[in-house]
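Comments concern the structure below.
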Amino acid sequence: MCCIRFIVCNISLCWYCISLTFLFPCGRDLRCLSGLDRLTTLNLDSNRLDSHAKFPSLLNLRVLWVNRNDVTNLSLFVENLAVSCPRLSHLSMMNNAAAPSYFNGGSRQEYYDYRHYVISHWPHLGYLDDTAVGQDERAESQKIYGRRRAKVSSISYSGVPPHGKRKSTSQSAVENMR
Numbered sequence: 001m002c003c004i005r006f007i008v009c010n011i012s013l014c015w016y017c018i019s020l021t022f023l024f025p026c027g028r029d030l031r032c033l034s035g036l037d038r039l040t041t042l043n044l045d046s047n048r049l050d051s052h053a054k055f056p057s058l059l060n061l062r063v064l065w066v067n068r069n070d071v072t073n074l075s076l077f078v079e080n081l082a083v084s085c086p087r088l089s090h091l092s093m094m095n096n097a098a099a100p101s102y103f104n105g106g107s108r109q110e111y112y113d114y115r116h117y118v119i120s121h122w123p124h125l126g127y128l129d130d131t132a133v134g135q136d137e138r139a140e141s142q143k144i145y146g147r148r149r150a151k152v153s154s155i156s157y158s159g160v161p162p163h164g165k166r167k168s169t170s171q172s173a174v175e176n177m178r
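If you use full-length UniProt numbering, the sequence shown corresponds to residues 1 to 178, in order.
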């Protein structure tokens, strides 16, 4: 069972919902969101979601907040999310270990790498976290990750490969595939 029984019952009656704020801890089992085909906005802040969270198919979802969760592996989380929610226009992942920023000890380069990686998965993403996605940033994201993304979809590594740091085994494997 996903959450508290009462909440699950209410969600199942909400097939026509277009906006939902889900406040109770779910962990990574989000099956209770299945069937919400009209859902366009979902707030899952502070729900202890981790990198392995499996979202059901939410084809109309445009706005998703997953701030203050336990996402540590960016590639795993984003790859799964991009399949389940392909039409996101607003995504906020602030205060997750996989979303480096000034506020959680990430460097400027790690922040840019994070943004480019995430933006490369959604062609219509207009906002990532609290910042608009510009055309130059989108072009740079496609330049960096556009062609590689399909090749790395089956390879999982923790976080985004930062520039100028030693390559991990999985990064070397990706480069060898070229």
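Here a beta-carbon is modelled for each residue, glycine too, at the ideal position from N, C-alpha and C.
- Close CB contacts of M93 within its chain, under the 6 Å cut and outside five residues either way in sequence, are with V66 and A99 (chain order).
- Scanning its chain for C-beta atoms nearer than 7 Å, with the 5 sequence neighbours on each side dropped, one finds around Y114 the residues L74, A99, P100 and V160, in chain order.
- Bounds of the alpha helix (DSSP H) holding N80 are L74 to S84.
- Per DSSP, the continuous alpha helix (DSSP H) segment holding H116 begins and ends at R108 to I119.
- With a threshold of 16 other beta carbon atoms within 10 Å, Y102 falls short and is exposed.
- In terms of CA proximity to Y145, H116 leads the group E137, H116, A132 and G134.
- Put simply, the backbone Cα of L42 is about 30 Å away from that of K143.
- If you draw a straight line from the Cα of F77 to the Cα of A53, it is about 7 Å long.
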